[in-house]
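Inspection log for the structure reproduced underneath, given as structure tokens.
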Amino acid sequence: MQVFATKSRHSQPITHFYHIPKQGLTPCGCGFVLLHIKYTTMKIIGTGSSHPERKVTNHDLAQFLDTSDEWIATRTGIRERRILTKDNITDLAVEAAIDALNNSQKEPGQIDYIICSNIINDYLTPGLSAIIQSKIGTHCPCLDINTACTGFVYALQLAESLQVAGMAKNILIICAEEVSKMVDWTDRASCILFGDAAAAAVVAPGDNLIKIKTDCIDCGDVIISGSRHEKTPFDTEGNDKYFPLAMNGREVYKHAVTIATYKIESILKECGMAHSDITYYLLHQANLRISEAIRTHIGEDESKFPSNIESFGNMSSAGIPCLLDDLNKGGKLKEGDRLLLCAFGAGFTTGTCIIDW
Ligand code: ACO
22 MQVFATKSRH SQPITHFYHI PKQGLTPCGC GFVLLHIKYT TMKIIGTGSS HPERKVTNHD
82 LAQFLDTSDE WIATRTGIRE RRILTKDNIT DLAVEAAIDA LNNSQKEPGQ IDYIICSNII
142 NDYLTPGLSA IIQSKIGTHC PCLDINTACT GFVYALQLAE SLQVAGMAKN ILIICAEEVS
202 KMVDWTDRAS CILFGDAAAA AVVAPGDNLI KIKTDCIDCG DVIISGSRHE KTPFDTEGND
262 KYFPLAMNGR EVYKHAVTIA TYKIESILKE CGMAHSDITY YLLHQANLRI SEAIRTHIGE
322 DESKFPSNIE SFGNMSSAGI PCLLDDLNKG GKLKEGDRLL LCAFGAGFTT GTCIIDW
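Under our numbering, the first residue of the sequence shown is numbered 22, with each subsequent residue one higher.
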């Protein structure tokens, strides 16, 4: 972090920037006055997740698609996914939020801000974060973001900014996605990939976030879905712009592997770290072959790249926090473990972060 300081003994003010390490302030030297010090590096203090009841296996898909368990599993690593039927994404999001609150030992009333990553839900407005707030019984500002699969990392970055600005301490992040409602269920190259889920995390001030970076790179319309608009008296043609998710799988694969590998190498370099300094790499679980290709470039052991895509499919932004929750509840994380999160999604948005557990 950079801190603004002015040397008071000079008649003309001199402006300097000082690097402040995590532990506190570096000595400023005689005569320097620190004008503004607000510093936090955030800690994840609880996680939660929730899945629809309906399990859909590759064999189930082969009942109505020209596909097979063998084709899907070999190319994507996915064996089954959960799909919403009579249950709904709001209830999943609330369950995940309550799970994370319990895990963090925070009451809803202690939450200062709610950030929800979500592409679609039952309403355009109010936002899902506002609905979640009323259902968990708290009162605080709420914000929805849509950066597709990178939503969790974007939300962490926003949360840190709110903490640094002194606007919030305890922040509830929920990623709730129902991609099953966006895909074309006759397109065997895309609908096989996705599963519905909600996952959440509570962050508090701490000393654990080392670096977080987000970006957006124009890769054309490699993943795109249209939304429906009402007709207006002024635009009577072409209002129905809805179309289901369309994806150029090969292009997504190429961009995802190249960009994610580059982003991982860059953040490690900026932090002066080696591949081996990372305990776990938590990648967006787009499909296992993408993760495998990234892992091959990084050259680290498979055990450092946990995944639960086999059972849940690609859950968009809920994927990383869901995996984090599995590791947390499964007792796989110990204090001081260093996690590198790397997500990529429609846009092409990217988010990379190094955070200690
Ligand atoms: N079952 C059987 N055959 C299939 C299926 C299926 N489910 N899907 C496609 N095929 C066929 C195609 O019709 C084609 O047949 P043809 O040669 O007779 O025309 C053949 O398999 C090859 O099709 P491709 O689309 O070229 O298949 P590819 O080997 O590229 O695999 C896949 C498709 C798995 C989608 C791959 O492109 C991929 O992994 N892409 C990454 C996409 C991704 O992960 N997206 C996630 C969402 S975006 C995100 O999260 C960032």
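Where a beta carbon is used, it is the ideal one built from N, C-alpha and C, also for glycine.
Worksheet entry | Limits of the unbroken alpha helix (DSSP H) element including F255 | Per DSSP, F255 belongs to no alpha helix (DSSP H) and is neither H nor E.
Worksheet item: Beta carbon of F85: closer than 8 Å to some heavy atom of the ligand ACO?
Response: no
Discussion item. So, does the stretch 60 to 71 touch the stretch 105 to 120, judging by three or more C-beta pairs under 8 Å?
Written reply: yes
Worksheet item: If you draw a straight line from the C-alpha of I213 to the C-alpha of A83, how long is it?
Response: 10 Å
Worksheet item: Tell me which same chain residues have a C-beta within less than 6 Å of the C-beta of A349, skipping the five on either side of it?
Response: Note that residue 349 corresponds to Asn in the displayed sequence, not to Ala. Excluding residues within five positions, the ones whose Cβ falls inside 6 Å are T68.
Worksheet entry | Where Y175 falls: helix, strand or coil (DSSP) | helix
Worksheet item: If you measure from the CB of I213, is any heavy atom of the ligand ACO nearer than 8 Å?
Response: yes
Worksheet item: Is any heavy atom in the ligand ACO found nearer than 8 Å to the beta carbon of S337?
Response: yes
Discussion item. Tell me whether R96, by its Cβ, gets closer than 8 Å to a heavy atom of the ligand ACO.
Written reply: yes
Practice prompt. May I ask whether a heavy atom of the ligand ACO can be found less than 8 Å away from the beta carbon of G357?
Written response: no
Discussion item. Y302 and L360 - do their beta-carbons sit closer together than 9 Å?
Written reply: yes
Worksheet item: Going by beta carbon distance, what residues of the same chain come within less than 6 Å of C240, once the five residues before and after it are set aside?
Response: H276, F369
Worksheet entry | Inter-residue Cα distance where the pair is D451 and A94 | Outside the modelled stretch of the chain, which goes from 22 to 378, sits residue 451, for which no answer is possible.
Discussion item. Assuming G148 and C137 are in contact, meaning their beta carbons sit under 8 Å apart, how far apart are those beta carbons, in whole angstroms?
Written reply: 7 Å
Practice prompt. Please go through the stretch 141 to 203 and give each complete alpha helix (DSSP H) segment of 4 or more residues, from N-terminal end onward.
Written response: 149 to 157, 172 to 185
Worksheet item: Out of curiosity, what's the CA-to-CA distance linking Y134 and L230?
Response: 19 Å
Worksheet item: Should L193 and A295 be called a contact, given that it needs their Cβ atoms to be closer than 9 Å?
Response: no
Item to complete: Note down the Cα distance separating I166 from N139, rounded to an integer number of angstroms.
Response: 6 Å
Discussion item. Can you tell me whether W206 sits near the ligand ACO, meaning its C-beta is under 8 Å from at least one heavy atom of the ligand?
Written reply: no
Worksheet entry | Cut-off 8 Å between Cβ atoms - residues of its own chain near T88, not counting five sequence neighbours on either side | N79, L82, R209, I213
Worksheet item: Cβ of I280 within 9 Å of Cβ of T168?
Response: no
Item to complete: Can you grab the Cα-Cα spacing for the pair T62 / G227, in whole Å?
Response: 5 Å
Worksheet item: Based on Cα-Cα distance, which residue from I311, Y144, V224 lies nearest to Q131?
Response: V224
Fill in: Segments assigned alpha helix (DSSP H), at least 4 residues, entirely inside the stretch 320 to 359
330 to 333, 340 to 350
Practice prompt. Report the residue from D217, S182, N191, P129 whose alpha carbon sits nearest the alpha carbon of T111.
Written response: D217
Discussion item. Is any non-hydrogen atom of the ligand ACO found closer than 8 Å to the C-beta of D268, if you look at the structure I gave you?
Written reply: In the sequence as displayed, the identity of residue 268 is Met instead of Asp. At least one heavy atom of the ligand ACO is nearer than 8 Å to the Cβ of M268, so yes.
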